[in-house]
Each structure stands twice: as structure tokens, then as C-alpha cells.
Amino acid sequence: MRLRTRLTLWYGGAFFAAGAVLVTVVYLIVRSRIADNLPQSDDSLDAIMDAREHFGASGEELAALVETVVRRQQEANAATLQAVLLGSIVALLVVGLLAVAFGSLMAGRVLRPIDAITATAQRVADRSLHERINLEGPSDELKRLADTFDGMLARLDRAFEGQRRFVANASHELKTPLAINRTLLEVAAAEPDAGQGVRSLAANLLAVNERHERLIDGLLTLAGADRAPADPAPVDLADIAAHVAAQFAAEAAASGVTVDLDAAEAVAVGDAALLERLVANLVANGIRHNHPGGTLAVATATAAGRARLTVANTGPAVAAYEIDALFQPFRRGEGRDRIESVRGVGLGLSIVESVARVHDAALTAVPNPGGGLRVTAEFPAP
């Protein structure tokens with residue numbers, strides 16, 4: 001139940017309770033006063049005696065007359081009490097309903113700043129931390145809450161921006177010496193007088209250098225993948241899946257992995273380059289963590305207006321409790337670091353998770369019964 005509804009119910013319940021007490025008190029007071037005003041038996045006898053002296057009427061006739069008057073007075077009093085009670089209840093119901101409506105309006109007005117805070121929090125979550133609430137009004141509890149939230153967003157914005165700048169600057173600074181190393185190694189290996197040992201050493205160092213370059217590229221992509229797309233546009237995941245499958249066809253054939261592509265139209269809104277990187281990382285992961293003779297199934301579809309990408313591969317068995325660790329940087333299954341891997345740098349699935357998050361996509365990964373992993377990314381409807 002929403003907070004506004006609960007506040008309205010509390011306000012309406014308190015009003016009805018207070019109104020019921022007021023109606024009860026008024027009813028008891030009116031009934032008491034009417035009972036006090038009824039003629040008593042002694043007064044009736046005195047009235048009979050006086051009437052006999054003045055009019056000469058018999059006692060039986062005067063007693064019947066007085067009894068009739070008293071009975072009619074009691075009936076009139078009972079009708080008056082009933083009318084007062086019914087009128088009070090009807091008035092309580094009408095005013096109570098008006099009070100509930102008024103309470104709903106007041107609750108909405110009181111909770112409006114909280115709605116503004118919630119809306120801002122939803123917009124900045126996993127997107128941009130540059131927005132602020134900037135709540136106007138008196139310096140009350142809600143204003144102080146909004147100002148505190150704005151201060152927290154400012155500190156988070158500075159922290160994340162500093163982190164992104166550090167990763168980007170460090171990655172760019174490291175690219176230059178790696179490029180120089182690669183050039184020097186290639187030149188040394190191409191020398192006519194270079195022996196077999198020098199060429200073998202140069203080849204090994206070039207492989208290490210290439211891996212470091214992939215690591216830096218992954219860090220740059222990971223640093224940029226945490227930002228929302230600047231200019232999102234409709235992108236068909238089927239085209240991206242077909243393009244990526246063609247790119248990795250040679251690697252899949254060399255690894256003995258069969259790629260099954262089922263590319264149906266699936267339009268998502270986002271950054272085409274980041275979405276291509278997401279698909280490429282999933283396909284590369286499915287090929288490199290597979291076994292000869294295995295399969296890799298890539299499928300795109302549209303379900304309930306939402307674009308869906310599914311990448312499933314065979315391979316070693318993956319425990320369900322290890323899946324979360326796979327999406328952390330430099331991690332692999334069973335809690336081991338993936339830094340020692342010669343086929344990757346340990347950032348592929350981390351980049352996938354970041355790209356899915358900034359596109360508001362629901363990313364799920366489950367182990368296949370026969371081994372391997374099934375990863376599904378479902379994007380919001382355009």
C-alpha cells in the first residue's frame with residue numbers, strides 16, 4: 001500500500017473515530033435532557049387534582065387525558081432522538097468522505113517533495129549523477145533531506161568522475177610505451193642477423209604485449225561503458241549478432257566450435273558501438289570457454305515488445321554460486337583470478353554487465369545442464 005493511501009486511511013479513520021465519539025456524546029446529552037423534561041408521576045397527580053377542582057371532570061377522564069399527553073410526548077421525544085441520531089450519522093458520513101478526499105489531497109501535497117526525491121534518484125541511478133533535486137520551500141525536514149541528497153549526489157559525482165578520468169588517463173598513458181615496445185620487438189625480430197632464440201623471445205614478448213594492449217582497451221571500454229549513451233538510437237540486435245558471428249567465424253572454426261545463429265528482428269534503443277561490444281564479448285566468451293566439438297547458440301527475438309539476446313554455449317560445468325563472480329573484473333570461476341588467462345584479460349563479462357546496466361537491460365546468466373553458460377539480455381521496449 002502506498003504511503004499516501006496509508007496516510008489518507010489514518011486521517012480518515014481518526015476523523016471518523018472522533019466524529020463517532022462526538023455523535024455519541026451529543027446523542028446522550030439530548031436524550032438526557034429530553035428525559036428530564038418529561039412529566040413525572042407526582043406532577044401528573046397534581047395536575048389531575050387541579051383539573052378536577054376547576055373543571056369538575058372525573059379522575060378517570062383526567063388520568064386518561066394525562067396518560068395520552070405523556071405517551072404522545074414520549075413518542076415525539078423518541079422520534080426526535082431518532083432524527084438527531086440519523087442526521088448526525090449522515091452528516092458524519094458526508095463530512096467524513098469530504099475529510100478523506102481532503103486528507104488525500106493534503107497527503108499528496110506533503111509527499112510531493114518525497115516524490116521529487118524519488119524521481120531524481122530513479123533518473124540518476126546507473127545513469128547520470130549530474131542531476132539535482134533543488135527543492136524549493138521552507139527549511140523543514142523535507143528540504144533538509146533534499147539538500148542532503150543533493151550533497152551526496154555531488155560527492156558521488158566527483159568520485160565517479162575522478163575514477164573515470166584516472167582509468168582513462170592511465171590507459172592512454174600506458175598505450176604509448178606498449179606501442180613503442182611492439183615496434184621495437186617487431187624490428188628486432190625482422191633483423192637479418194637475429195637468431196632463432198631472439199625471434200622466439202620476440203614472439204613471446206609480442207604476445208604478452210598484445211595481451212596488455214587488450215587489457216588497456218578493456219579498461220577504456222569499461223570506464224566508458226558506465227555512462228549512459230549520449231545519443232541513443234534504435235538498433236537491431238539481429239544485424240549486430242550476424243555481424244559479430246561473421247567476425248568470430250574463423251576463431252570458432254579453429255576452436256572446433258559450431259556457431260548456430262537465429263537472428264530474428266529485435267530492436268533496442270541505445271549506443272550501437274556498446275551493444276556490438278556486448279554481443280562480441282558474449283560470443284568470444286562462448287567460444288573461448290568451450291571445448292572442441294561444442295556449440296555456441298546466438299539468438300535474437302522480440303517478446304512483449306522487448307528485444308532479447310540469448311547466447312548459450314557448451315563447455316565446462318559452471319556452478320550457480322560462481323556466476324556472480326564471473327561478472328566481476330579479473331575474476332573467474334571457483335574464486336580464481338583470471339589474470340593468468342592467455343586468451344582473455346578478465347574484463348569481457350564485466351563490460352557486458354556495465355553495457356547492460358546503462359541500457360536498462362535485464363541481464364541473467366544460468367548454467368546449462370550439460371555444462372556451459374546461458375546468458376540472456378532483455379532490453380526495454382523502444
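If you use UniProt numbering, the sequence shown closes out at 382, no skipped numbers anywhere. Each residue gets a CB set at the ideal place from its N, CA and C atoms; glycine is no exception.
Distance from the CA atom of Thr300 to the CA atom of Thr5, rounded to whole angstroms, is 42 Å.
Annotation: Leu174 to Leu184 spans about 16 Å, alpha carbon to alpha carbon. In this structure, DSSP gives Glu136 a state outside helix and strand, which the three-state scheme calls coil. Counted as a single uninterrupted DSSP element, the stretch harbouring Val311 is not any alpha helix (DSSP H) but the beta strand (DSSP E) occupying residues 306–313.
In this structure, Thr302 keeps its C-beta atom at 8 Å or more from the C-beta atom of Thr258.
Counting the other Cβ atoms within 10 Å of the Cβ of Ser200 gives fewer than 16, which makes it exposed. Sequence-distant partners of Ala264 (beyond 5 residues in either direction) whose C-beta falls short of 8 Å from its own C-beta, in its chain, are Ala238, Ala299, Thr300, Ala301, Thr302. Scanning its chain for C-beta atoms nearer than 6 Å, with the 5 sequence neighbours on each side dropped, one finds around Arg374 the residues Ala312, Val366, Asn368, in chain order. For a cut-off of 8 Å, the C-beta gap from Gly12 to Val100 is around 4 Å, short enough to register as a contact. If you draw a straight line from the Cα of Arg164 to the Cα of Ala188, it is about 36 Å long. In the three-state DSSP reduction, Glu378 falls in the strand class (E or B). In this structure, Pro329 is the residue among Pro329, Met152, Ile89, Gly370 with its C-alpha nearest to the C-alpha of Ile351.
With distances taken between CA atoms, Asn281 lies nearest to Arg214 out of Arg214, Ala307, Ala154, Leu97. Residue ranges of uninterrupted alpha helix (DSSP H) with 4 or more members are absent from the region 165–200; none lies entirely inside it.
Counting other Cβ atoms within 10 Å of its Cβ, Asp262 stays below 16 and is therefore classed as exposed. One Cα belongs to Leu326, the other to Leu347, and the distance between them is close to 9 Å.
For a cut-off of 8 Å, the C-beta gap from Glu251 to Ile287 is around 6 Å, short enough to register as a contact. As the crow flies, the alpha-carbon of Leu206 is around 6 Å from that of Arg182. In this structure, DSSP gives Val352 a helical state, which the three-state scheme calls helix. Look at Pro234 here: in three-state DSSP terms it is strand. Between the C-alpha atoms of Val198 and Gly372 there is a straight-line separation of about 40 Å.
Note: Gly270 is bridge-paired with Ala233 in the DSSP secondary-structure output. Apart from the 5 residues on each side of it in sequence, His243 has no Cβ closer than 6 Å to any other Cβ in its chain. Between the alpha carbons of Ile180 and Ala121 lies a gap of roughly 46 Å.
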